[in-house]
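In the working numbering, the protein residues as written are 1016 to 1110.
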């Protein structure tokens, strides 16, 4: 007889142990609202929250992987550009 609860999946994005008790991060809430993630809260000690990609979210994996690969490839160039920009522009609040 199958055990109750969701079937094991390899599409979990991440799990958070001891999640913040005040509100949810805006990004995860928006992705859940958009139908890209599902959120599962486990009543455990410490508490744990798991975010899993939905079928719609899975359609973004190739694009997200390509963006991550691009960022890794161009990390030094982007960092050099930031330093060059910072050297030639007045000090401002930077992200």
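Every residue, glycine too, gets a C-beta built ideally from N, C-alpha and C.
8 angstroms contact criterion, which residue 1069 and residue 1051 should meet: CB distance rounded:
About 6 angstroms; that satisfies the 8 angstroms criterion.
Helix, strand or coil for residue 1056, going by three-state DSSP, please let me know.
Residue state, collapsed to three classes: strand.
With DSSP as the reference, please indicate the residues paired to residue 1068 in a beta bridge.
Per DSSP, 1052.
For residue 1090, which of helix, strand or coil comes out of DSSP?
Note: residue 1090 maps to helix in three-state DSSP.
Keeping to the same chain, check which residues put their C-beta closer than 8 angstroms to that of residue 1096; ignore five residues upstream and five downstream.
Result list for residue 1096: empty, nothing under 8 angstroms.
Option in 1046, 1105, 1041 with minimal Cα separation from residue 1075
The candidate whose alpha carbon is nearest that of residue 1075 is 1046.
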